[in-house]
Amino acid sequence: MALLPVKFDLKKRVKLAQTVWFMYWFAVLAGVLVLSMGLFFKIELRKRSELMDNNESHFLPNLLILMGLIACSINVFGGKVCYDSLDPDKFAKWKPMLKTYLVFCVGFNALLLVTAVLCFLMRIPMQFTLAEGLRNGMRYYKDTDTPGRCYMKRTLDLMQIEFRCCGNDNYRDWFEIQWVSNRYLDFSSKEVKDRIGSNVDGQYLMDGVPFSCCNPSSPRPCIQAQMTNNTAHYSYDHYTEDLNVWKRGCRDALLSYYGGMMNTIGALVILVTMLEASVTVGMQYVHSSLCNLANPEDPESESEGWLLEKTVKETFTDIMDKMKSMGKGIKVEEGDPAVETVS
Amino acid sequence: MLLKITFTQQRRVRLAQGLWLMSWLAVMSGAFIFCLGVYLKTELLRRAEVMDNTEIHMVPNILMMVGLVSIGTNWVATRVCQDSLDASRFPRWKLLLMAWFAVAMLLCCLLLAVVVLSYALQGRLEESLKVGLRNGIRFYKDTDVPGRCFQKETIDRLQMEFRCCGNNNFKDWFEVQWVSNRYLDFTSKDVKDRIRSNVDGRYLLDGVPFSCCNPASPRPCLQYHLTDNSAHYSYDYQAEELNLYSRGCRQALTDYYMEMMNSTGPGVLSVILIQMSVLVSLRYLQTAVEGATALEDPEGESVGYLLEKGVKETFEDVKANVLDILKFAQVDPSAAEGSPGAEDAEKPADNTTEKRWEGGGCVSAFFCFGCVSWVVASRAPFGF
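Chains A and B supply the protein sequences, listed in that same order.
Mapping of the first sequence onto this note's numbering: position 228 corresponds to residue 228, and the numbering continues sequentially without gaps.
Mapping of the second sequence onto this note's numbering: position 150 corresponds to residue 150, and the numbering continues sequentially without gaps.
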């Protein structure tokens, strides 16, 4: 008893083949879309690889690119087969390959689904990469004279301006590191000597932030230095001051940016998986309907198409039996010399 | 006859087909011009807060109008092409074609005017930006005054996005009080000194807002006491280049808009070319088909031309027709009183109606071109 059988006459077969051919072209475009999304994601990661300590994992965009390429190629092949299916001579040369092709398609669809799930899960390792990278970035902010790190200041400043964020978790992260280079500190002044003496590592720590943390929406000109000292500025209370600097941490901002991108890509990959599944089903019907002509000599006769030749349970037991027999076959081969020697 | 070409039936058919395709191409280029106008207008409107007047909006407005009219005109051309090979349907387009030529010439002239205008209006744009930015900087501190409370945010974002500071350069900020009185401690000595140091009693300082800071500087940004070398360690005001943005916002914005308009120049010129070729081809098609229908054998050869007589003679004809039209208009009110006189006057008028259309079309085209040139000349700065 076949699964979901459908009766086909010539007209229905032709219509099915045309529809599936049309859908295959959409599937090719979908493959191109997946490829371009993988490329876009890769470029975005490269753009900010400095902030992630050049440590970010390119596994997901590479996988997307690979999936896109495979999808394009199998869909072009499927489209060609569909186009030829209306001509019995041409179809005869494709017939033997179709079964393996369909099994491969099913496997590919499962892999696409796994990719989509991965897109949603990638957020977690990215969180750790970003935290580490930003912390190091902030540490190297002052090293504008060290080769290899001289652009860190500019990168961080531009990032804080673009993503409207300050520091790793919030602006107080800047209070804990020295972000003013020693080249610009007057070591003979009392104030500098006090600050350096006030901590174990001899770092010049201050309760101030770089200018890129400033919020343009603030009604007041930006207060960057002596932020915790209420008396240093007129009519200023640093507990109630909301709009002066960006409140958000850059790790959160970058994570939501990349997270949003990955969610969109994941949703699109799920849609592409559904499209691929439907063309695979269509192809299976085309294949089965053309293989079971009521009168093999007459291409215009009626036929029956199905999803699976037997029911799901029977197909499953069939596959299990096949695998067992393959396994036994290997065992018998190994045991043959032993059998001979015994006898 | 000016530039005549003989057309066989096959050549006429080929011309009609080629022209049909080219007309659809012209429709799409009209849509392209419209989109270009919309894009330019959106970009100008985004920064409307720092512009004083809207004269520069003439360029995108003309582009949008020309785009829309060009879509309609070229669509009409496709219909004419389709009907041109059908002898029964072509004659109804006769009168409309004269008006069509006039409109097409006008569109080409307007597009040329746009290209010229986009260069000519640069001076006006700079003036407008100068005044707009000066006001923006003056009202920077008024974040509590309704109507001006967003100036600070606008100017800050503008300076950060275009990497510029002040109107001409960062020193413009030294001449304006950009810190609101709400945040000044009037009991402190420093504030009292600064307020007394100038006639208007303003709190002026040699400092700039944070949005002038250049992220590419190796040193954390120095915003205050910029002219005082001793206020900062290892600092020389004259030698410091990267600390703040050195460009003025007026220059930055003018460069941005000029670059945008210059890059659209080649596109507009190619659209003019397409429109002119459609115009010339349609004229040839019209004259060839009319010639063919006048022959005994409609499938035989006919002659297509641009102008029936030479340029000078056509001009004389047009002048005569224009004077006729004016006389006809003058005669008309008095003709209503004397009907026999009116009948006599109308009869010769009927024969020359078609010539009047032709003349009227040419006249209106020249008139409009003259108008546009006058507009351009009056708007351009004196040195142009």
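Cβ atoms here follow ideal geometry from the backbone N, Cα and C, with glycine treated the same way.
A quick note: this is a predicted structure, and the numbers were derived from the prediction, not measured.
| query | result |
| --- | --- |
| Return no unless some Cβ of chain B is closer than 9 angstroms to the Cβ of residue 184/A. | yes |
| Figure out for me which residue from 65/B, 169/B, 127/B and 180/B has the closest Cα to the Cα of residue 140/B. | 180/B |
| For a cutoff of 9 angstroms on Cβ pairs, would you count residue 179/B as touching chain A? | yes |
| For chain A, find out if any of its Cβ atoms is closer than 9 angstroms to the Cβ of residue 188/B; answer yes or no. | yes |
| Please list the partners that residue 212/A has in chain B, where partner means a Cβ-to-Cβ separation under 7 angstroms. | 215 |
| Can you tell which of 197/B, 231/B and 226/B has the C-alpha that lies nearest to the C-alpha of residue 240/B? | 226/B |
| Please check if any C-beta of chain B sits within less than 9 angstroms of the C-beta of residue 189/A. | yes |
| With C-beta atoms as the reference, is residue 265/A less than 9 angstroms away from residue 128/A? | no |
| Here's a check: name, in chain order, each residue in its chain whose Cβ is nearer than 7 angstroms to the Cβ of residue 232/A, leaving out the five neighbours to either side. | 226 |
| Ignoring anything shorter than 4 residues, give me the alpha helix (DSSP H) runs that lie fully in the stretch 131-182 of chain B, in order along the chain. | 151-162 |
| Can you give the Cα-Cα distance for residue 255/A and residue 215/A, rounded to whole angstroms? | 20 angstroms |
| What number of angstroms, rounded off, separates the C-alpha of residue 246/A from the C-alpha of residue 166/A? | 6 angstroms |
| Give the range of the alpha helix (DSSP H) segment to which residue 345/A is assigned. | Since the displayed chain A opens at 1 and closes at 343, residue 345/A lies outside it and no answer follows. |
| Just to confirm my understanding: we take residue 14/A, look at its own chain, exclude 5 residues before and 5 after, and list those with CB closer than 7 angstroms. What are they? | 86 |
| For residue 2/A, name the three-state secondary structure that DSSP assigns. | coil |
| Should residue 146/A be labelled buried (16 or more other beta-carbon atoms within 10 Å of its own) or exposed? | exposed |
| Along chain A, in chain order, which residues have C-beta atoms closer than 8 angstroms to that of residue 422/B? | Given that chain B is displayed from residue 1 to residue 384, the structure contains no residue 422/B and the question cannot be resolved. |
| Which runs of the alpha helix (DSSP H) spanning at least 4 residues fall entirely within the stretch 25-110 of chain B, listed in chain order? | 58-84 |
| Please list, in chain order, the chain B residues whose beta carbon lies closer than 7 angstroms to that of residue 154/A. | 215 and 216 |
| Is it buried or exposed, residue 346/B, if we count other Cβ atoms within 10 angstroms and call 16 or more buried? | Legend: pLDDT at residue 346/B = 44, less than 50; position of this residue unreliable, value from coordinates given subsequently. That one is exposed. |
| Taking the C-alpha atoms as reference points, what is the distance between residue 349/B and residue 70/B? | Caution is warranted here: a pLDDT of 44 is assigned to residue 349/B, below 50, making its placement in the model unreliable, and the coordinate value is therefore given only provisionally. Answer to the nearest angstrom: the Cα atoms are 32 angstroms apart. |
| Any beta-carbon of chain A closer than 9 angstroms to the one on residue 220/B? | yes |
| What does the Cβ neighbour count give for residue 327/A, buried or exposed, with the cut at 16 atoms within 10 Å? | exposed |
| In chain A, what lies closer than 7 angstroms to residue 184/B by C-beta? | 234 |
| With H, G and I counted as helix, E and B as strand and the rest as coil, what does DSSP make of residue 199/B? | coil |
| Taking residue 298/A as the reference, which of 143/A, 10/A and 60/A has the closest Cα? | 10/A |
| When the Cα atoms are used, what is the spatial distance from residue 31/B to residue 270/B? | 14 angstroms |
| Can you grab the Cα-Cα spacing for the pair residue 275/B / residue 104/B, in whole Å? | 7 angstroms |
| Note the first and the last residue of the continuous beta strand (DSSP E) segment covering residue 6/B. | 5-7 |
| Rounded to whole angstroms, what is the Cα-Cα separation between residue 325/A and residue 99/A? | 20 angstroms |
| What is the DSSP secondary structure of residue 308/A, reduced to helix, strand or coil? | strand |
| Would you be able to state if there are at least three C-beta pairs under 8 angstroms between the stretch 171-179 of chain B and the stretch 136-152 of chain B? | yes |
| With a 10 Å radius around its C-beta and 16 neighbouring C-beta atoms as the bar for buried, classify residue 15/B as buried or exposed. | buried |
| Beta carbons nearer than 8 angstroms to chain A: which residues of the stretch 151-165 of chain B have them? | 152, 153, 156, 157 and 160 |
| Under the rule that 16 or more other beta-carbon atoms within 10 Å means buried, what is residue 152/B, buried or exposed? | buried |
| So, does the CB of residue 150/A fall closer than 9 angstroms to a CB anywhere in chain B? | yes |
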